[in-house]
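The opening position of the sequence shown corresponds to residue 1 in UniProt numbering, with each subsequent residue numbered one higher. Ideal placement from N, C-alpha and C gives every residue a C-beta, glycine not left out. These figures come from a predicted structure and were not determined experimentally. These notes concern the structure reproduced below.
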Amino acid sequence: MRTENMTKLGKLDTIYQELAQRIRSGFYVQGQRLPTENSLCSEFSASRPTISRALAKLRSEGIISSTQGSGHYLMAQENEPARASLQHEVQIFGILSPRMEENESGFLFEQIFKSIASLSQQFNFDLIWNGVMTLGAGATRQAVLNKIDHVIERYLRSNVKGVFFIPIEFHPYATEINQLILNKLDRDGLGVVLLDSDVVSWPERSRWDLIGIDNVAAGQEVTTYLLNKQPRRIDFLCERFSANTVNMRKMGYRLALLEAGMVPQVSWEHEGNVGDSDFIEQLLESGAQDIVCANDFTAMKLLSACGQNGRKINVVGFDDNEYSALLGIPLTTYKQPFNDIARHAVFTMLDRLQYPDSAGRHLQINGELIIRASCRWRDE
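And the structure:
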């Protein structure tokens, strides 16, 4: 299920623009049958009349045709030859994913990159991975910028037209560095689609296209599951200098507590080095028993530490990485829809290159809560 940021657009206009954008980008092709109205209702969380009006608007503009009992079909457009020519031209896209060190986020982003690459033939593009880099935990601000500048210059020489950018995290100057990178990409005329995280703190929104999950809703859902209709203390655990997505998950965590009649306490929110045994011991000694972790690897480290000293806790994470189901205590987690994120990232990039002056789009995609044994003590 997917929901647009509709602060400025009504739901009807949002659905119409999303369908029109898919058609422009080639996501739907001439003569193809569009998804059924019931499918679109589910995808956009909209009523049948709203979907019908959005389709009627496309039909009135000669973009689709409708046959009772058969469905809705994309019609040939007057500018189809020009669009076909554009689609036959192979575009070159690049990835820019600077990491401070090898860590858990590498798995998550690799899955998205692989999913993007799998679409290259369908959407007629090549994908260059030179920008997937590990900078080193002690890298200075200037060292980071120098390495990224070098990658961008290589992309320009390779005729890259657009960059999928995952903002840097776990660096004290991350906000400034990300903005300087975006300024350079913009000056060089490269299209940009942000993946996973924005470069400003929620609820602010940057002007760049962004594709990712609804982190506030995800944080709220996992916390509500832990609460199990029994209002009580729930803790939140993350690393220092985490991405903006973590702050959004924390906001969802707070909202769930408030909805349950609980007042979130600062002492329930923990930020530190999860690999530090003293830090974990302090966390557990504080009375934490039900813990929302910012991601799966944080949760895995916590479960390992607790297993070593016989502690029983309830833990949930985010992402559903490849090891989450293989732990001694399989991890309950919020699964990222990698394929959906990749698909929408690609046709958002194609649309950005074709319509560079259009307003930035923020597409939030719902994931899925995967229930496993790491919350087995919840009902005891």
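Taking the alpha helix (DSSP H) that Q121 belongs to, which residues open and close that run? For the purposes of this step, residue 121 is taken as the residue at position 121 of the sequence shown. Looking at the DSSP string, the run of the alpha helix (DSSP H) that includes Q121 is S120 to F123.
How many angstroms separate the CA atom of Y16 from the CA atom of V151? Start at 1 with the first residue of the sequence shown, and residue 16 comes out as number 16. Start at 1 with the first residue of the sequence shown, and residue 151 comes out as number 151. C-alpha separation (whole angstroms): 38 Å.
Please classify D196 as buried or exposed, where buried requires at least 16 other C-beta atoms within 10 Å of its C-beta. Residue 196 sits at position 196 when you count from the first residue of the sequence shown. In the assembly as shown, D196 is a buried residue. Its beta-carbon has 16 or more other beta-carbons within 10 Å.
Starting from the Cα of L58, find the closest Cα among A20, G69 and R48 and give me that residue. One-based indexing of the sequence shown puts residue 58 at position 58. When each option's Cα is compared against that of L58, the closest is A20.
Drop a sphere of 10 angstroms on the beta-carbon of P167, count the other beta-carbons inside from all chains shown, and report buried for 16 or more, exposed for fewer. The residue given as residue 167 occupies position 167 in the sequence shown. Only buried fits P167, as 16 or more other CB atoms lie within 10 angstroms of its CB.
Pull up the DSSP beta-bridge partners for P98, would you. Locating residue 98 in the sequence shown gives position 98, where the first residue counts as 1. Answer by DSSP bridge pairing, in chain order: M133.
Rounded to whole angstroms, what's the CA-CA distance from H270 to M75? Just pull it up for me. For this step, residue 270 is matched to residue 270 along the sequence shown. For this step, residue 75 is matched to residue 75 along the sequence shown. Answer to the nearest angstrom: the Cα atoms are 55 Å apart.
Going by DSSP in three states, D13 sits in which element: helix, strand or coil? Translated into positions along the sequence shown, residue 13 becomes position 13. Note: D13 maps to helix in three-state DSSP.
Distance between Q30 and C375 (C-alpha atoms, nearest Å): Locating residue 375 in the sequence shown gives position 375, counting from the first residue. Locating residue 30 in the sequence shown gives position 30, counting from the first residue. Each residue's Cα considered, the two are about 49 Å apart.
Member of S304, T298, N314 and M349 whose CA lies at the smallest distance from the CA of D320: One-based indexing of the sequence shown puts residue 320 at position 320. Selected option, being the one with the closest Cα: T298.
Residues near P81 in its chain [Cβ-Cβ closer than 7 Å; skip 5 each side]: Mapped onto the sequence shown, residue 81 falls at position 81. Only weak support is given to the placement of P81: the predicted model assigns it a pLDDT of 47, under 50, and the value that follows is read from those uncertain coordinates. Annotation for P81: no residue places its beta carbon closer than 7 Å to its own, counting only its chain and skipping 5 residues before and after.
Taking all protein chains shown into account, do 16 or more other C-beta atoms lie within 10 angstroms of the C-beta of G10, making it buried, or fewer, making it exposed? Walking along the sequence shown from the start, residue 10 turns up at place 10. Residue environment: G10 is assigned as exposed (fewer than 16 neighbouring CB atoms within 10 Å of its CB, all protein chains considered).
CA-CA distance, Q111 and N339? Your numbering for residue 111 matches position 111 in the sequence shown. Your numbering for residue 339 matches position 339 in the sequence shown. Between the alpha carbons of Q111 and N339 lies a distance of about 8 Å.
Buried or exposed, going by whether 16 or more other CB atoms sit within 10 Å of the CB of A305? Taking the first residue of the sequence shown as position 1, residue 305 is located at position 305. Flag for A305 reads buried.
L210 beta carbon less than 8 Å from that of L180: Mapped onto the sequence shown, residue 180 falls at position 180. Mapped onto the sequence shown, residue 210 falls at position 210. Remark: C-beta atoms of L180 and L210 do not approach each other more closely than 8 Å.
Drop a sphere of 10 angstroms on the beta-carbon of D198, count the other beta-carbons inside from all chains shown, and report buried for 16 or more, exposed for fewer. Translated into positions along the sequence shown, residue 198 becomes position 198. Classified as buried, D198 has 16 or more neighbouring CB atoms from the shown chains inside 10 Å of its CB.
If I'm right that F236 touches W268 with Cβ under 8 Å, what's the distance once you round it to whole angstroms? Looking up residue 236 in the sequence shown gives position 236. Looking up residue 268 in the sequence shown gives position 268. The Cβ separation is near 7 Å, so the contact holds.
Under a Cβ-count criterion, where at least 16 other Cβ atoms within 10 Å of its own Cβ denotes burial, should S324 be classed as buried or exposed? Your numbering for residue 324 matches position 324 in the sequence shown. So S324 counts as buried.
Exposed or buried, which one is E368 when buried takes at least 16 other CB atoms within 10 Å? Counting from one through the sequence shown, the residue named residue 368 turns up at place 368. Of the other Cβ atoms in all chains shown, fewer than 16 fall within 10 Å of the Cβ of E368; this residue is therefore exposed.
Measuring only the C-alpha atoms, how far is R372 from F113? Residue mapping note: residue 372 aligns to position 372 of the sequence shown, counting from 1. Residue mapping note: residue 113 aligns to position 113 of the sequence shown, counting from 1. Going by the C-alpha atoms only, they are around 27 Å apart.
Could you have a look at D320 and say whether DSSP puts it in helix, strand or coil? Indexing the sequence shown from 1 puts residue 320 at position 320. Annotated three-state conformation of D320 is coil, per DSSP.
Taking the alpha carbon of P264 as the point to measure from, which residue in V315, Q32 and R254 has its own alpha carbon closest? Taking the sequence shown and counting its residues from 1, one reaches residue 264 at position 264. Of V315, Q32 and R254, the residue nearest in Cα terms is R254.
Can you name the residues that DSSP bridges to Q91? The sequence position of residue 91 within the sequence shown is 91, counting from 1. Its beta-bridge partners are F125.
Check whether the Cβ of R240 lies closer than 8 Å to any Cβ atom in chain B. The question asks about chain B, but that chain is absent: this structure has only one protein chain.
Start and end of the beta strand (DSSP E) containing F170? Position 170 of the sequence shown, counted from the start, is the residue given in the question as residue 170. From DSSP, F170 is part of no beta strand (DSSP E); its letter is neither H nor E.
Using the C-alpha atoms, what's the distance from G252 back to V316? Here residue 316 refers to the residue found at position 316 of the sequence shown. Here residue 252 refers to the residue found at position 252 of the sequence shown. Straight-line spacing of the CA atoms in V316 and G252 works out to 14 Å.
So, helix, strand or coil for residue 467, using DSSP? The structure shown does not extend to residue 467, since the chain spans only 1 to 380, so no value can be given for it.
Taking buried to mean at least 16 other C-beta atoms within 10 Å of its own C-beta, is A359 buried or exposed? Here the question's residue 359 lines up with position 359 in the sequence shown. With fewer than 16 other beta carbons inside 10 angstroms of its own, A359 counts as exposed.
Start-end ranges of the beta strand (DSSP E) lying completely within the region 234-305, minimum 3 residues: The region 234-305 contains these whole beta strand (DSSP E) runs: 235-238, 269-271 and 290-293.
Could you give the residue range of the beta strand (DSSP E) that holds K335? Counted from its first residue, the sequence shown places residue 335 at position 335. For K335, the uninterrupted beta strand (DSSP E) segment begins and ends at T332 to K335.
Which term fits P98, buried or exposed, when burial requires 16 or more other beta carbons within 10 angstroms of its beta carbon? Counted from its first residue, the sequence shown places residue 98 at position 98. With 16 or more other Cβ atoms within 10 Å, it is buried.
Under DSSP, the alpha helix (DSSP H) around G219 begins and ends at which residues? As a first step, residue 219 is located in the sequence shown; it is residue number 219 there, counting from the start. Segment N215 to L227, the alpha helix (DSSP H) holding G219.
Using DSSP with H/G/I as helix, E/B as strand and the rest coil, what is E37? To locate residue 37, count along the sequence shown from 1; it is residue 37. DSSP, read as helix, strand or coil, puts E37 in helix.
Given that a residue counts as buried once 16 or more other Cβ atoms are within 10 Å of its Cβ, and exposed if not, what is D357? Reading the sequence shown from its first residue, position 357 is the one you call residue 357. Exposed, since its Cβ has fewer than 16 Cβ neighbours within 10 Å.
Using alpha carbons as the reference points, say which of F165, F93 and G71 lies closest to L350. The sequence position of residue 350 within the sequence shown is 350, counting from 1. Taking the Cα of L350 as reference, the smallest distance to any Cα among F165, F93 and G71 is reached at F93.
Using the C-alpha atoms, what's the distance from A217 back to V193? Here residue 193 is taken as the residue at index 193 of the sequence shown, counted from 1. Here residue 217 is taken as the residue at index 217 of the sequence shown, counted from 1. C-alpha separation (whole angstroms): 22 Å.
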